[in-house]
Amino acid sequence: MTMKNFFKYLLIITFFSVWGIMLRNKIFVQNAVTGAKKTVSQVTGIELPCAKPLRYAIGSVDPRFNLSTNDLLAEVEDAEKIWKAQSGKNLFEYDPGAEFKINLIFDERQLQSNEADALTKNLNQLEASHEQIVTQYKNLSGTYAQSVAKYNAGVANYQKKMDDYNRAVSDWNKNGGSQAEYDKLKKDKSGLEDLQGKLEKERLAVNSLAGKTNALVSEEKNVINNYNANVATYKNKYGSGREFEKGLYDGKEINLYQFKQMSDLRLTIIHELGHALGIGHVDNPKSIMYYLLSDQDMENPQLSSEDLSALKTACQF
Ligand SMILES: [Zn+2]
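All residue numbers for the sequence shown refer to the numbering used here, where the first residue is 14 and numbers rise by one.
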């Protein structure tokens with residue numbers, strides 16, 4: 014091959030490869046157009062929002078919630094019924110193959126919630142032990158009062174016997190007496206010593222009762238302090254209305270993060286389903302779509318008129 018011929022072939026090859034690139038570009042452009050056309054026809058198909066029910070599936074459910082996929086599904090089905098019943102439209106539909114997922118994700122939010130539960134249990138225990146202490150104190154202080162009265166009577170009796178004995182001894186010293194009288198005095202003395210021993214034991218028992226009663230009083234004080242500290246912690250951490258960060262709709266899926274009871278979880282799901290329909294927050298604290306979990310009826314959740322009108326706007330009903 015001469016040098017001239019080589020350049021000739023090279024040109025032809027370059028020419029074809031340029032064409033090749035152009036062809037490929039052309040094919041690419043055609044594909045893009047077809048794609049765009051498809052998108053346009055799809056968009057035309059869903060002109061009305063909420064015209065078709067939003068299909069959802071249950072995604073991941075963290076086992077630390079002790080909730081099965083079916084348990085969560087049951088709650089979601091309950092939640093979507095609220096929207097359906099009050100709007101009269103079938104807005105959601107369960108479809109195990111749906112791309113739109115509802116997930117239950119465990120993080121510090123649920124940890125905090127568990128901590129709050131533990132704190133509540135702790136408060137209940139403290140209340141119970143406080144009641145116990147009060148009952149114990151009542152019984153013990155009753156026993157103490159009786160023991161003190163008995164001891165004081167014993168002391169008075171001892172004192173009287175002691176006075177009699179001292180008088181008899183002083184008589185005997187002054188006037189003398191028989192051996193029998195002397196023996197009786199000796200016997201009386203030993204009787205008095207016995208009595209004194211008994212009284213001393215009684216005194217110690219009474220003092221021990223006083224000690225127990227006082228210990229109960231300081232135990233009660235501790236329980237009350239502990240209880241108040243726990244209440245303060247609880248109010249501080251969980252007292253005010255909690256924001257709906259318990260759940261999140263991010264445009265593609267719903268993530269649920271925290272709940273205390275099932276009714277609580279259901280309310281969050283109803284709220285997040287509302288967002289999935291395109292509804293924002295409304296102003297009435299009793300509304301499902303209020304930004305806080307506050308005055309809504311947890312056990313019997315209802316859409317407020319604000320919720321319904323937000324739904325009408327979002328779905329263009
Ligand atoms: Zn919200």
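A virtual CB, placed ideally from N, CA and C, is assigned to each residue, including glycine.
Since the model is a prediction, treat every value here as computed from it, not as a measurement.
key: ligand 1 heavy atom lying under 8 angstroms from the CB of residue 128   = no
request  = With a 10 Å radius around its C-beta and 16 neighbouring C-beta atoms as the bar for buried, classify residue 77 as buried or exposed.
outcome  = Exposed, since its Cβ has fewer than 16 Cβ neighbours within 10 Å.
Inter-residue spacing [alpha-carbon to alpha-carbon] between residue 93 and residue 105 = 6 angstroms
message = Is the beta carbon of residue 324 closer than 9 angstroms to that of residue 290?
response = yes
task = Express the C-alpha separation of residue 270 and residue 125 in angstroms, rounding to a whole number.
result = 11 angstroms
message = Short of 8 angstroms in beta carbon distance, which residues of its chain neighbour residue 221, apart from the five on each side in sequence? Order them along the chain.
response = none
query = Which term fits residue 195, buried or exposed, when burial requires 16 or more other beta carbons within 10 angstroms of its beta carbon?
reply = Counting the other Cβ atoms within 10 Å of the Cβ of residue 195 gives fewer than 16, which makes it exposed.
task = Below 8 angstroms on the Cβ atoms is my guess for residue 72 versus residue 266; work out the distance and round it to an integer in Å.
result = 7 angstroms
message = Just to confirm the assignment, what range does the beta strand (DSSP E) spanning residue 74 have?
response = 67-74
key: DSSP three-state assignment for residue 260, whether helix, strand or coil   = strand
query = Is residue 284 near ligand 1, judged by its Cβ being under 8 angstroms from some heavy atom?
reply = yes
query = What whole-angstrom Cβ distance do residue 95 and residue 283 have, given they're in contact under 8 angstroms?
reply = 5 angstroms
inquiry  = Going by DSSP in three states, residue 283 sits in which element: helix, strand or coil?
reply    = helix
key: residue 304, DSSP secondary structure in three states   = Of the three classes helix, strand and coil, the one that applies to residue 304 here is coil, per DSSP.
Residues sharing a beta bridge with residue 268, DSSP = Under the DSSP definition of a beta bridge, residue 268 partners with 116, 261.
inquiry  = I'd like the span of the alpha helix (DSSP H) that includes residue 232, first residue to last.
reply    = Unbroken alpha helix (DSSP H) run through residue 232: 192-251.
inquiry  = Just to confirm before moving on: does the CB-CB distance between residue 281 and residue 260 stay below 9 angstroms?
reply    = yes
query = Between the C-alpha atoms of residue 311 and residue 276, what's the straight-line distance to the nearest angstrom?
reply = Near 6 angstroms, if we compare the C-alpha coordinates of residue 276 and residue 311.
ask   = Would you report the Cα separation of residue 64 and residue 328, rounded to the nearest angstrom?
value = 8 angstroms
inquiry  = Given a cut-off of 9 angstroms on the beta-carbon distance, is the pair residue 136 and residue 251 in contact?
reply    = no
task = Identify which residue in 142, 301, 209, 185 has its Cα closest to the Cα of residue 238.
result = 142
inquiry  = Would you say the beta carbon of residue 275 is closer than 8 angstroms to some non-hydrogen atom of ligand 1?
reply    = no
query = Any heavy atom of ligand 1 closer than 8 angstroms to the Cβ of residue 270?
reply = Residue 270: no, Cβ never under 8 angstroms from ligand 1.
key: Touching by the beta-carbon criterion (3+ pairs, under 8 angstroms), the region 160-172 and the region 205-225   = yes
request  = Give me the Cβ distance between residue 304 and residue 140, rounded to the nearest whole Å; I'm assuming they're in contact under 8 angstroms.
outcome  = Not a contact, Cβ separation roughly 34 angstroms.
request  = Since I believe residue 117 is in contact with residue 75 (beta carbons under 8 angstroms), could you give me their beta-carbon distance rounded to a whole number of angstroms?
outcome  = Indeed, because the Cβ distance is near 6 angstroms, the residues count as touching under 8 angstroms.
request  = For residue 285, count neighbouring C-beta atoms within 10 Å of its own C-beta (all shown protein chains included) and say buried if the count is 16 or more, exposed if not.
outcome  = buried
key: Status (buried if at least 16 other CB within 10 Å, exposed otherwise) for residue 1   = Given that the chain is displayed from residue 14 to residue 330, the structure contains no residue 1 and the question cannot be resolved.
task = For residue 143, verify whether its CB is less than 8 angstroms away from any heavy atom of ligand 1.
result = no
key: Any non-hydrogen atom of ligand 1 within 8 angstroms of residue 311 CB   = no
message = For residue 314 and residue 307, which I take to be in contact (beta-carbon distance under 8 angstroms), what is that distance rounded to the nearest angstrom?
response = Their Cβ separation, rounded to whole angstroms, is 13 angstroms, which puts residue 314 and residue 307 out of contact at 8 angstroms.
query = Leaving out five residues before and five after residue 82 in sequence, what residues of the same chain have Cβ atoms less than 8 angstroms from its Cβ?
reply = 71, 74
Check whether residue 150 and residue 233 have beta carbons under 9 angstroms apart = yes
key: Pick from 175, 179, 249 that is closest to residue 208, judged by C-alpha positions   = 175
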